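Only one structure is covered here, and it is reproduced in the block below.
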């Protein structure tokens, strides 16, 4: 789908206002979009990051990309809750790389933030990765080196890890990876990754659904309930989705079950960059079609679901919730919480002044008054393990900011700290001029990044970290 510059900017501003291992582990892998449980291939022993070509549509020229195992997006990795993941990352890129597992509350050493939790994987080198996800959920995996993440993800290095529940009420699910890509006049990835003067980040001119420009099309029996795992893997674009002729309920957000399934407000759902949301949709009647539509221009269809000729499925009125995660606290003691104020500052205007004074583009943005990599020298805050924490995230910039909290999930607090939203988040949008407060239990020891989920801003300073001892 071709996106004009005017449409891109309008969308952004609207959203702003709103060597192999000797074995193969027991799991599944598939291309993005393949329904759950429909494949029998095993998790690869190796993920190779390297050059490949891909067609966005049959009539399009081959597109030169960087991908995992020649798959765009990367292969869907699938394991059961509590099952070990063990694989080797092989770097055939001209840059160092790493893999971060966004949404996985795992050991700090496996978090994949090069220079903070582990070393980067140099070109031509390999790295063994092993961790055991204790919690089910939809996880986005992609590189996490501040200087290179934006380019590597834009060129194709991103994929989905699904950790299945021990028991799920939804045997049928479908992965929908949403992305945009900026192409030049020759149909290749636009080779201008200096975003120092682009306050919005890198916005693409093609919208992709599972690596293609056309909508996904599915057919299911009327009344059948399908779980769709929505993943926004775009570098900078928030995506607002609408639902036409579909009954929709949200059952999980950022890898964690919601307290109780609920429909999107006014049939609209906005995914910030890096957000994952699991929804359940009810298939329309026989011969009728419902659609998920990106709110761009007159609307761009992302997925179409048609009722088949099969007999209608009789389902209960209430949408079945996912089991609550017992590893997350049922309540957070706000009265006992340690509180920290973190200011997001900088931007194109401030950056121009800094650059005139001799600073570099890597210090265009600041978190807590400091830019990465300077921020790597000292934590934003340190707390003992199992301390309740409240963060006030103040956005003093002129644009939407989106921060990703590593190793933890947080509740977004109401204005008077008299309650919180009925879901957990690890990727938090903060509008221009807004302050958002989040609360979480710092129960995962280690050095954890808080960084921009708008990846272009990682390389220009917008990251910090905290320590749980």
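In this note's numbering, the protein residues as written are 1180 to 1648. The beta carbon of each residue, even a glycine, is placed where N, CA and C say it ideally should be. Remember, it's a predicted structure, so these values are computed and weren't measured experimentally.
Distance, residue j Cα to residue i Cα
i	j	result
residue 1503	residue 1635	35 Å
residue 1431	residue 1544	31 Å
residue 1169	residue 1362	Absent from the structure is residue 1169, since the part of the chain shown begins at 1180 and ends at 1648.
residue 1270	residue 1426	43 Å
residue 1201	residue 1224	Per-residue confidence for residue 1201 stands at a pLDDT of 26, beneath the threshold of 50, marking its modelled position as unreliable; no derived number is given.
residue 1256	residue 1282	14 Å
residue 1617	residue 1488	47 Å
residue 1382	residue 1364	16 Å
residue 1234	residue 1597	51 Å
residue 1562	residue 1450	31 Å
residue 1207	residue 1262	Residue placement at residue 1207 is poorly supported in this model, since its pLDDT is 39, which falls under 50; the coordinates still yield a value, given next. C-alpha separation (whole angstroms): 12 Å.
residue 1219	residue 1258	With a pLDDT of 33 at residue 1219, under the threshold of 50, the modelled position of this residue cannot be trusted, and the question is left open.
residue 1321	residue 1624	22 Å
residue 1496	residue 1402	11 Å
residue 1512	residue 1611	29 Å
residue 1526	residue 1462	45 Å
residue 1423	residue 1278	36 Å
residue 1369	residue 1499	44 Å
residue 1640	residue 1524	10 Å
residue 1316	residue 1343	7 Å
residue 1388	residue 1407	13 Å
residue 1645	residue 1552	14 Å
residue 1331	residue 1415	14 Å
Supposed close pair residue i, residue j - CB separation, criterion 8 Å
i	j	result
residue 1417	residue 1579	7 Å
residue 1629	residue 1643	5 Å
residue 1267	residue 1307	5 Å
residue 1620	residue 1567	6 Å
residue 1319	residue 1292	That pair is no contact at about 14 Å.
residue 1341	residue 1309	Residue 1341 to residue 1309, Cβ: 18 Å. No contact.
residue 1329	residue 1638	6 Å
residue 1606	residue 1581	6 Å
Unbroken alpha helix (DSSP H) run spanning residue i, endpoints
i	result
residue 1488	Segment: none, residue 1488 is in no alpha helix (DSSP H) and carries neither H nor E.
residue 1331	1328-1333
Cβ-Cβ distance between residue i and residue j below 8 Å
i	j	result
residue 1400	residue 1470	no
residue 1146	residue 1440	A query on residue 1146 cannot be resolved here, the shown segment of the chain reaching from 1180 to 1648 and no further.
residue 1260	residue 1312	yes
residue 1253	residue 1337	yes
residue 1367	residue 1242	yes
residue 1572	residue 1609	yes
residue 1405	residue 1353	yes
residue 1588	residue 1358	no
residue 1464	residue 1486	yes
residue 1474	residue 1421	yes
residue 1380	residue 1251	no
residue 1438	residue 1601	yes
Limits of the unbroken beta strand (DSSP E) element including residue i
i	result
residue 1257	1255-1259
residue 1388	1385-1388
residue 1466	From DSSP, residue 1466 is part of no beta strand (DSSP E); its letter is neither H nor E.
residue 1625	1625-1631
residue 1300	Careful: residue 1300 lies outside any beta strand (DSSP E) and carries neither H nor E.
residue 1407	1404-1411
residue 1646	1642-1647
residue 1521	1517-1525
residue 1281	1279-1281
residue 1583	1580-1584
residue 1561	1560-1562
residue 1423	1418-1423
residue 1316	1316-1321
residue 1270	1264-1270
residue 1556	No beta strand (DSSP E) contains residue 1556, which DSSP labels as neither H nor E.
residue 1428	1426-1432
Assigned exposure category for residue i - 16 Cβ within 10 Å defines buried
i	result
residue 1516	buried
residue 1445	exposed
residue 1506	exposed
residue 1648	exposed
residue 1494	exposed
residue 1409	buried
residue 1595	exposed
residue 1626	buried
residue 1583	buried
residue 1542	buried
residue 1156	Nothing about residue 1156 can be read from this structure; the chain reaches only from 1180 to 1648.
residue 1547	buried
residue 1303	exposed
residue 1412	buried
residue 1327	buried
residue 1631	buried
residue 1556	exposed
residue 1455	buried
residue 1346	exposed
Cutoff 8 Å: residue i Cβ touching any chain B Cβ
i	result
residue 1645	This model lacks chain B altogether, as it is built from one protein chain only.
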